[in-house]
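Read in order, the letters of the sequence shown are residues 2 to 128 in the working numbering.
For glycine and all other residues, C-beta sits at the position ideal for the given N, C-alpha and C.
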Amino acid sequence: MRRPRFTSILLALVAVAAVFLAAGCKKEGGSAAIESDANGYLCLHCGAKIYTDSSMFLGAKCPKCHEDTLRAVVGYLCPKDHHVTIRTRTDDTKGPVVCDLCGTPLVGNMVEPHAADLVAWGAGKGP
């Protein structure tokens, strides 16, 4: 006895949906690149390096020199030595981003730095 074509299509769609739902329950490996426990900042006027908890965001006014030159920072993860090089989000004055330790070009390796990365960079806990 042949099944109607509609039933076969319906069973195939249910199977595909089940696969997507099961895959959707897993945490993506790349999500670690966009999640962090801290926010980092660099003052372009006085050079202050500051970090805050991830739930606290600072504006443009530096808490140290009170100038409107505070910029958010991001990290770039080196695939060779796993060092995180930290730059301001809009810093294109230094040319292409390369690893601070080994000089490897870091195009496409942007990550959100964690508190430990920011402390290693020299940042102090902000307000």
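Leaving aside the five residues that flank residue 89 on each side, the residues in its chain whose CB is nearer than 6 Å to its CB run, in chain order, 43, 72 and 74.
Close CB contacts of residue 102 within its chain, under the 6 Å cut and outside five residues either way in sequence, are with 82 and 84 (chain order). Less than 7 Å separates the beta-carbon of residue 65 from that of residue 47. Within the DSSP secondary-structure output, residue 64 pairs in no beta bridge. With contacts defined as CB atoms closer than 7 Å, residue 117 and residue 50 fail to qualify as a contacting pair. As computed with DSSP, residue 54 is found in a beta bridge with 39.
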